[in-house]
Amino acid sequence: MLLPPTEKRKQFELRALGLRDFAGVAPDQALDPFELARFARLMVVELDQIEGLSAESRSHLLGKAANEWSGGASSQPLPNGWRIVILNPLHGIQRNRATLMEEVAHVFLGHQPNRLAAIAPDKKAGPGRMLARDYNAADEEAAYAIGAAALVPYEALRRLVSEGRPANEIARRFRVSTQLAEYRIKVTHLWAEYKVVS
Ligand SMILES: [Zn+2]
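Reading the sequence shown from the start, the letters are residues 145 to 342 in this note's numbering.
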């Protein structure tokens with residue numbers, strides 16, 4: 145099995161491969177986080193579906209603050225055990241997929257939130273923190289990195305890079321943003337090769 149060179153990335157990759165295994169996707173196939181979310185008992189809801197969210201909060205989240213949040217899960221489960229996830233509708237489906245994958249990873253990794261996530265802007269927390277920082281920094285790093293690795297697995301990535309495929313093509317194949325494909329190329333130490341062959 146091909147794994148990235150650093151110990152940290154190896155561990156992340158193994159977890160990510162576990163998630164892909166669970167989802168039953170082929171090595172070079174795109175993973176659908178919406179499919180996995182059901183197993184993680186995460187219910188993706190639209191901002192419009194949230195009752196009790198004031199028009200003011202809504203226009204703040206989709207206006208001035210639109211770039212300051214990508215999404216998040218409620219810390220409090222519903223009576224049926226499911227938790228609600230909201231994704232920023234302005235960020236596009238590729239970014240939404242990465243955000244949701246991170247939330248799925250938190251659940252599969254058994255991370256415990258360290259504070260309640262607020263949906264409305266929190267004056268004390270300041271702007272930009274309202275849906276973020278539900279977990280400690282190490283858990284955030286792991287969930288993001290493992291989620292990204294599950295979306296763009298190393299072995300297929302390495303082959304595509306060696307074939308000289310550009311990041312935007314790799315991104316399309318795995319249905320992620322070009323930025324996420326580039327992030328994966330960098331953290332798995334394929335960037336030098338990518339720069340040479342592409
Ligand atoms: Zn997170």
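We put the beta carbon where it would ideally sit given N, CA and C, even for glycine. This one's a predicted model, so the numbers in the text were calculated from it and none came from an experiment.
Rounded to whole angstroms, how far is the Cβ of residue i from the Cβ of residue j, which I believe are closer than 8 Å?
i: leucine 175; j: leucine 295; result: 6 Å
i: leucine 222; j: tryptophan 213; result: Incorrect: roughly 21 Å between the Cβ atoms, too far for contact.
i: valine 229; j: leucine 186; result: 5 Å
i: leucine 234; j: alanine 287; result: Not quite, the Cβ-Cβ distance comes to about 22 Å (not below 8 Å), so this is no contact.
i: valine 331; j: arginine 159; result: Contact flag wrong, Cβ pair sits at about 14 Å.
Please report the residue range of the beta strand (DSSP E) in which residue i lies.
i: isoleucine 228; result: 227-231
For residue i, does the count of other Cβ atoms within 10 angstroms reach 16, so buried, or fall short, so exposed?
i: asparagine 211; result: exposed
i: isoleucine 237; result: exposed
i: lysine 268; result: Because lysine 268 carries a pLDDT of 49, less than 50, the predicted location of this residue cannot be relied on, and no value is offered for it.
i: glycine 272; result: Model confidence at glycine 272 stands at a pLDDT of 40, short of 50, so the residue's coordinates are unreliable and nothing is read from them.
i: alanine 311; result: buried
i: aspartate 165; result: exposed
i: glycine 168; result: exposed
i: phenylalanine 156; result: buried
i: phenylalanine 318; result: buried
i: valine 340; result: exposed
i: threonine 150; result: exposed
Provide the residue span of the alpha helix (DSSP H) that contains residue i, from first to last.
i: glycine 291; result: 281-295
i: glutamine 238; result: 236-252
i: threonine 332; result: Per DSSP, threonine 332 belongs to no alpha helix (DSSP H) and is neither H nor E.
i: asparagine 312; result: 311-318
i: glutamate 299; result: 298-306
So which residues put a beta carbon under 6 Å from any heavy atom of ligand 1, going in chain order? Answer in sequence order: Glu246, His250, Tyr279, Glu284, Ala287.
Which runs of the beta strand (DSSP E) fall wholly inside the stretch 163-234 and span at least 3 residues, in chain order? The qualifying runs are 186-189, 215-217, 227-231.
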